[in-house]
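Participant:
Number of protein chains: 2
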Amino acid sequence: MARDGKPTRDKILAESKTLVLENGFAGTSVDQILERSKITKGAFFYHFKSKADLARTLIEDFSSEDLADLDNALKETEALNGDPLQRLLKFIQRYIDMMATLESPYPGCLYASYIYEPSQFSDDIKEKISSSILTWRRELAVMLDETQKTHRMKIPTDKESLADQFTVILEGAFVVSKALNEPQLTAHQLKHYKNYLELLFEKRA
Amino acid sequence: MARDGKPTRDKILAESKTLVLENGFAGTSVDQILERSKITKGAFFYHFKSKADLARTLIEDFSSEDLADLDNALKETEALNGDPLQRLLKFIQRYIDMMATLESPYPGCLYASYIYEPSQFSDDIKEKISSSILTWRRELAVMLDETQKTHRMKIPTDKESLADQFTVILEGAFVVSKALNEPQLTAHQLKHYKNYLELLFEKRA
DNA sequence: ATTTTTATACCAACTAGTCTGTTTATTTTT
DNA sequence: AAAAATAAACAGACTAGTTGGTATAAAAAT
């Protein structure tokens, strides 16, 4: 047996993520990561073959957590209620509650961070981001589709675009919340999305 | 007198803005700017005393254009119609139309670009960003206030938060539109905001 | 009208320092 | 023994910014 490198690796990843959200990826140096992680250069390059390798790992881990959380949210609300509209609203409320507990603005989304310096990243990284966003679109579109079977839309709208609005509002709210230093803004913005869906779908079929 | 430096300065600013949206600010080197602008280092540092000076100029120019466009939009829709709700909807439609003409995703918002590498910028730059966003909040809140006088809200909501949603959706849509490479996404997302307002406000007082 | 002056605009080469990544030898942990 | 980490030196490319000098164009002086 040998000693366990996981704590070191995890520490590097956690500190790197924070630093990237503070400085951008190009604006974050390996030396800064070493300083914050309290490790040495040898340890860093033992765990990651390059800074680009770190970038890939960071986005893969972020995406995994993001999609795992989506899965949890879907399971938590699944068949909880016979009415698909109520399920949808409960799903959104879950994220409102999550965001309402924040005492400082959400540190930011790595997807957006990477999207705002696209030339720094390889195509497979960009595909990971788009495929994650498309998973959200797909899952929410399914819920909207179910809802539409029993609740007529007062204004006909494209379901995928309506599904995207969840992601759009989250991403936009992270930016504005950080810019204004208003932690509660994200929860309030998601509440508008919930309002919109309540108004858009008629109460009964 | 001597030769005119304005074309050179403008070229630097235009190419820099593009590069910053492609690479981030820290990810953009002065040498890259020189290459794209086809000028030399001497010329660059003649016009800008530092790279930070360029950052400040970029955001000031961007903010000026942004707020000037807001002003135009307000004037174009001003008293065009007696009904403040119709004016509000027209205002939003103007931005939908603007975004609908894009053939590739909007290159991105400098506010968001800067917000995602906050440590790179001084406090006065961050204040410029927040004050620009707050101007949008204020102006839209006035329109919402006017609207509320004659149209009851079906779900009571905070006007400033409802005003913020315009900026939130724009910022979020820029991110998602770029990530998915879907130019039309931004227009579609703004349409949802318009739908929301139409559903939220009752047709008459 | 032609020369001289002046301020601006710009260039090319250079400096001092930072960047990622490598190497090598040693030490700690399981 | 094997894996995980330290420590420190190093390379080569790239970084922001500086320097001394030159080109340009218009105004001032002749």
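Protein chains in written order, with our numbering: chain A, 23 to 227; chain B, 23 to 227. We put the beta carbon where it would ideally sit given N, CA and C, even for glycine.
Tell me which same chain residues have a C-beta within less than 7 Å of the C-beta of Y77(B), skipping the five on either side of it?
Facilitator: In the sequence on display, residue 77(B) carries Ala and not Tyr. Counting only Cβ-Cβ distances below 7 Å, and skipping sequence neighbours, we find F47, F143 and I147.
Participant: With a threshold of 8 Å between beta-carbons, can N45(A) be considered close to chain B, or not?
Facilitator: Yes, because at least one Cβ of chain B sits closer than 8 Å to the Cβ of N45(A).
Participant: Let me check one thing: in DSSP terms, what residues is F223(A) bridge-paired to?
Facilitator: According to DSSP, which records beta bridges pairwise, F223(A) is partnered with M175(A).
Participant: If the criterion is Cβ atoms closer than 8 Å, does the pair E37(B) and S72(B) meet it?
Facilitator: Result no, Cβ atoms of E37(B) and S72(B) do not sit closer than 8 Å.
Participant: Please state the DSSP three-state secondary structure of K60(B).
Facilitator: K60(B): coil per DSSP, three-state reduction.
Participant: Answer yes or no: do Y138(B) and Y138(A) have a C-beta to C-beta separation smaller than 8 Å?
Facilitator: Contact flag set, yes.
Participant: Exposed or buried, which one is N45(A) when buried takes at least 16 other CB atoms within 10 Å?
Facilitator: Classification of N45(A): buried, given that the 10 Å Cβ count is 16 or more.
Participant: Start and end of the alpha helix (DSSP H) containing K112(A)?
Facilitator: Per DSSP, K112(A) belongs to the alpha helix (DSSP H) from P106 to A122.
Participant: Does the CB of L40(B) have a neighbour CB from chain A at under 8 Å?
Facilitator: First, the residue type needs correcting, since residue 40(B) is Thr and not Leu in the sequence shown. No, no contact with chain A.
Participant: CB-CB under 8 Å to T179(B), same chain, minus the five flanking residues each way: which ones, in chain order?
Facilitator: Only L222 meet the Cβ criterion.
Participant: Tell me the DSSP secondary structure of S51(B) in three-state form.
Facilitator: The answer is coil: DSSP assigns S51(B) none of H, G, I, E or B.
Participant: Relative to chain A, which residues along the region 101 to 118 of chain B have a C-beta separation below 9 Å, given in chain order?
Facilitator: If the cut-off is 9 Å between Cβ atoms, the region 101 to 118 of chain B has nothing near chain A.
Participant: Between the region 181 to 188 of chain B and the region 196 to 212 of chain A, do three or more beta carbon pairs fall short of 8 Å?
Facilitator: With a cut-off of 8 Å, the region 196 to 212 of chain A and the region 181 to 188 of chain B count as touching, because enough Cβ pairs lie within range.
Participant: Would you say H214(B) lies against chain A (beta-carbon separation less than 8 Å)?
Facilitator: For H214(B), the answer is yes, since a Cβ of chain A falls inside 8 Å of its Cβ.
Participant: If you reduce the DSSP assignment to three classes, tell me which class G194(A) lands in.
Facilitator: The answer is helix: DSSP assigns G194(A) an H, G or I state.
Participant: Leaving out five residues on either side along the sequence, give the residues of the same chain with a beta carbon under 7 Å from the beta carbon of L107(B).
Facilitator: Answer for L107(B): T169, H173 and F223, listed in chain order.
Participant: So with CB distances below 9 Å, who are the chain B contacts of K200(A)?
Facilitator: Chain B residues near K200(A): I137, Y138 and P140.
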